[in-house]
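Residue numbers (the working numbering), protein chains in the order written: chain A, 301 to 528; chain B, 90 to 469. A virtual CB, placed ideally from N, CA and C, is assigned to each residue, including glycine. To keep things clear, I will list the structure first and then write my remarks on it.
Structure follows, in structure tokens:
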């Protein structure tokens, strides 16, 4: 299966009482390798788009395709398997499992994939070293700073070396130093992958290879930032 | 970091709640084990006693089956003679008439149980394996052989007088070794003085000893056919009668303990449900990362199973310990171990605890595995 992710005429509508709300409409785009930032004001449809692209939710119109595979024709468990094998996620609120240590959080997707315990630990420690947190491997998330938790989350997203990486406001809750660190690691990881970055932060978005501007649930512009 | 370890850590992350739930299951299981252990104890004691009773068949008046020797003597000398004649025809070894008398009220600590035996019959014919510790085993016409516990409790020694009535007095001629059975609490005396006290020539029961190779059931049915008004009970009949009564009492006791079990189950369900609500986001993250619904379901069910099986195991251990303590008391009081935590009871208790956990965990687990990912992650 090729790992090109594309959306065709993607739309999501839902009812809010008597009113029909259009969260996303007519979104068509094929995400190439490299980084793509999705920007737009609140309510522009960024979160809805990410939910649909990742298979967290189903569209009311159009479809999401991974190669030839239509995500919206798959069951919940089949979509979970696609996510496990092909996608990694970094969320704004880190979302680490609080009862697991840093290395165990990183190893969690490897557990789901059925890797043996020794291989899981080796891979998790290798990734933690890559994000500069090897010495914090045995700490619980509650003992890590926000920036450290986000780096653990990034290591977890890369655990199974997925071709697609989603990042939803990955620096939204971080201070300036951590923001720099996380952004640098994220774009480095995105170089050989399809990185889809949803953000309000135009400075962060400007580091991406292309920027999709959403407004009122529609794709209004595709821009390529000037190098430099 | 295996699934079980994840479940355990989640329980340890909320120690007070987990401990309280564990205590609930522990108390429920302990009470069930104790309630049911009395039935098991009675079964075991009865089976042990019956194997210690020598004669394989007991002839008792009709309507007195299963009541042991507690009834008033109703078997007449004429019926005894007819029984002896019938026994001869059937080739039985012997037919021994016996009589019971209780003196001193209902408190086992202060009452005396006398068993009358014909002249020339020693207690070991009825209770194989009993041995004399002091004196003799076969009482004379005015003698009594005393069980070890009665002798100790009432401080009886060789030569001690036993006054059955103002006119009938016997003397201790032998004291038995402690056997752990019914004989420890009995005083064996000749039939005649007992009949004199009761003012009757009748007997409570006739004990039929068989020759090797004879089948108790066949002989019992043949004796019944030739002795109208008498019922022939084999040890198997007694066991079956007792088993029926014990099963009914088991059901009643299980019914009572079911209340505690239901409360325990609700505690587990409540704890797991609360844990599910608190961890909705966590489950959402797991699903987002690629966990299937079955993984979440297993995680939650395992939590309920771990709580209930641990509570069940500890409850079983506590129940066994309390059962031992009860037995120490009842052995001292009535010479019988009334409670028994048998293998099948232990297995039953553990299975009930597991069933409890499973049924308490299924609903929260189903709920947890069905929460839409976007809702669980708060991304609506």
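- Task: For my contact list, residue 151(B) and residue 318(B) are in at a C-beta cut-off of 8 angstroms; report their separation, rounded to the angstrom.
- Result: In the second chain, counting from the first residue as 1, residue 151(B) sits at position 62. In the second chain, counting from the first residue as 1, residue 318(B) sits at position 229. Indeed they touch by this definition, with Cβ atoms about 6 angstroms apart.
- Query: Using a beta-carbon distance below 7 angstroms, is residue 361(B) in contact with chain A?
  - Reply: Translated into positions along the second chain, residue 361(B) becomes position 272. No, residue 361(B) lies away from the interface with chain A (no Cβ there is under 7 angstroms from its Cβ).
- Task: With 7 angstroms as the threshold, decide whether the Cβ of residue 389(A) is near any Cβ in chain B.
- Result: Here residue 389(A) is taken as the residue at index 89 of the first chain, counted from 1. Residue 389(A) counts as touching chain B.
- Does the segment 470 to 481 of chain A come close enough to the segment 310 to 329 of chain A that 3 or more CB-CB pairs lie under 8 angstroms? no
- Can you name the start and end residues of the beta strand (DSSP E) that residue 322(B) belongs to? Locating residue 322(B) in the second chain gives position 233, where the first residue counts as 1. Element bounds for residue 322(B): 319 to 323.
- Task: Provide the residue(s) that pair with residue 250(B) in DSSP beta bridges, ordered along the chain.
- Result: The residue you call residue 250(B) lines up with position 161 of the second chain. According to DSSP, which records beta bridges pairwise, residue 250(B) is partnered with 260(B).
- What whole-angstrom Cβ distance do residue 443(B) and residue 397(B) have, given they're in contact under 8 angstroms? In the second chain, counting from the first residue as 1, residue 443(B) sits at position 354. In the second chain, counting from the first residue as 1, residue 397(B) sits at position 308. With a Cβ gap of about 6 angstroms, residue 443(B) and residue 397(B) count as contacting.
- Message: Residues in the same chain with beta-carbon distance under 8 angstroms from residue 403(A), minus the five sequence neighbours each way, listed in chain order, please.
- Response: As a position in the first chain, residue 403(A) is number 103, starting the count at 1. The residues are 421, 424, 425, 428, 437, 438.
- Query: Should residue 274(B) be labelled buried (16 or more other beta-carbon atoms within 10 Å of its own) or exposed?
  - Reply: Along the second chain, one-based indexing puts residue 274(B) at 185. Its Cβ being crowded by 16 or more others within 10 Å, residue 274(B) is buried.
- Message: Check whether chain B comes within 7 angstroms of residue 397(A), counting only Cβ atoms and requiring the distance to be less than that.
- Response: Counted from its first residue, the first chain places residue 397(A) at position 97. With 7 angstroms as the cut-off, residue 397(A) counts as an interface residue toward chain B.
- Considering only C-alpha positions, which residue in the set 349(B), 287(B), 410(B) is nearest to residue 163(B)? In the second chain, residue 163(B) corresponds to position 74, counting from 1. That would be 287(B), whose Cα lies nearest to the Cα of residue 163(B).
- Message: Please state the DSSP three-state secondary structure of residue 513(A).
- Response: Counting from 1 along the first chain, the entry for residue 513(A) is found at position 213. It is a strand residue.
- Query: Just the Cα atoms here: how many angstroms apart are residue 338(B) and residue 376(B)?
  - Reply: To locate residue 338(B), count along the second chain from 1; it is residue 249. To locate residue 376(B), count along the second chain from 1; it is residue 287. C-alpha separation (whole angstroms): 50 angstroms.
- Query: By how many angstroms is the C-alpha of residue 270(B) removed from the C-alpha of residue 225(B)?
  - Reply: For the purposes of this step, residue 225(B) is taken as the residue at position 136 of the second chain. For the purposes of this step, residue 270(B) is taken as the residue at position 181 of the second chain. Straight-line Cα distance between these residues: approximately 19 angstroms.
- Check each candidate in 387(A), 396(A), 357(A) and name the one with the smallest Cα separation from residue 413(A). Within the first chain, residue 413(A) is the residue found at index 113, counting from 1. Considering only alpha carbons, the answer is 387(A).
- Message: Cβ closer than 7 angstroms: which chain A residues qualify as neighbours of residue 365(B)?
- Response: Here residue 365(B) refers to the residue found at position 276 when the second chain is read from its first residue. Here the premise fails: no neighbours, minimum Cβ distance about 15 angstroms.
- Message: Whole angstroms are fine: how far does the CA of residue 430(B) sit from the CA of residue 448(B)?
- Response: For the purposes of this step, residue 448(B) is identified with residue 359 of the second chain, where counting begins at 1. For the purposes of this step, residue 430(B) is identified with residue 341 of the second chain, where counting begins at 1. Taking the straight line joining both Cα atoms gives about 25 angstroms.
- Query: When you check each C-beta in the segment 371 to 388 of chain B against every C-beta of chain A, which residues fall closer than 9 angstroms?
  - Reply: 371, 373, 374, 375, 376, 377, 378, 379, 380, 381, 382, 383, 384
- Just the Cα atoms here: how many angstroms apart are residue 123(B) and residue 400(B)? One-based indexing of the second chain puts residue 123(B) at position 34. One-based indexing of the second chain puts residue 400(B) at position 311. Cα-Cα distance, rounded: 15 angstroms.
- Between the segment 483 to 502 of chain A and the segment 318 to 329 of chain A, do three or more beta carbon pairs fall short of 8 angstroms? no
- Against chain B: residues of the segment 407 to 440 of chain A by CB proximity under 9 angstroms: 407, 408, 409, 411, 412, 413, 417, 420, 421
- Query: Curious, which full-length alpha helix (DSSP H) runs of at least 4 residues does the segment 386 to 449 of chain B contain?
  - Reply: none
- Query: residue 472(B): buried (16+ other C-beta within 10 angstroms of its C-beta) or exposed?
  - Reply: Past the edges of chain B, shown from 90 to 469, lies residue 472(B), and the structure says nothing about it.
- Secondary structure of residue 364(A), DSSP reduced to three states: Stepping through the first chain from its first residue, residue 364(A) is reached at position 64. If DSSP states are grouped into helix, strand and coil, residue 364(A) belongs with the strands.
- Task: Please report the Cβ distance between residue 327(B) and residue 148(B), rounded to the nearest whole angstrom; I am assuming they are in contact, meaning their Cβ atoms lie under 8 angstroms.
- Result: For the purposes of this step, residue 327(B) is identified with residue 238 of the second chain, where counting begins at 1. For the purposes of this step, residue 148(B) is identified with residue 59 of the second chain, where counting begins at 1. Residue 327(B) to residue 148(B), Cβ: 13 angstroms. No contact.
- Query: Using the rule of at least 16 other Cβ atoms within 10 Å of the residue's Cβ for burial, across every protein chain shown, is residue 336(B) buried or exposed?
  - Reply: Counting from one through the second chain, the residue named residue 336(B) turns up at place 247. Answer is exposed; the Cβ neighbour count stays below 16.
- Query: Using the C-alpha atoms, what's the distance from residue 433(A) back to residue 444(A)?
  - Reply: Locating residue 444(A) in the first chain gives position 144, where the first residue counts as 1. Locating residue 433(A) in the first chain gives position 133, where the first residue counts as 1. Spanning the two alpha carbons is a distance of roughly 10 angstroms.
- Which listed residue (214(B), 131(B), 384(B)) has its alpha carbon closest to that of residue 420(B): Taking the first residue of the second chain as position 1, residue 420(B) is located at position 331. Ranking 214(B), 131(B), 384(B) by Cα distance to residue 420(B) puts 131(B) first.
- What residues in the segment 358 to 379 of chain A bring their beta carbon closer than 8 angstroms to a beta carbon of chain B? 376, 377
- 7 angstroms Cβ cutoff, residue 479(A) in contact with chain B: As a working mapping, residue 479(A) is identified with position 179 in the first chain. For residue 479(A), the answer is no, since every Cβ of chain B falls outside 7 angstroms of its Cβ.
- Query: Quick one: is residue 208(B) buried, meaning 16 or more other Cβ sit within 10 Å of its Cβ, or exposed?
  - Reply: Reading the second chain from its first residue, position 119 is the one you call residue 208(B). That one is exposed.
- Is residue 335(A) helix, strand or coil by DSSP? One-based indexing of the first chain puts residue 335(A) at position 35. Residue 335(A): strand per DSSP, three-state reduction.
- Message: Rounding to the nearest angstrom, what Cα-Cα distance links residue 354(B) and residue 402(B) in this structure?
- Response: Mapped onto the second chain, residue 354(B) falls at position 265. Mapped onto the second chain, residue 402(B) falls at position 313. The alpha-carbon atoms of residue 354(B) and residue 402(B) are separated by roughly 15 angstroms.
- Task: Indicate whether residue 235(B) and residue 261(B) have their beta-carbon atoms separated by less than 7 angstroms.
- Result: In the second chain, the residue the question calls residue 235(B) occupies position 146. In the second chain, the residue the question calls residue 261(B) occupies position 172. It is a contact, given that the beta carbons lie within the stated cut-off.
- Query: Quick one: is residue 463(B) near chain A, going by C-beta distance under 7 angstroms?
  - Reply: On the second chain, position 374 is the one that residue 463(B) refers to. Chain A, which has a Cβ nearer than 7 angstroms to the Cβ of residue 463(B), makes this yes.
- chain A contacts from the segment 231 to 247 of chain B (Cβ-Cβ distance under 8 angstroms): none
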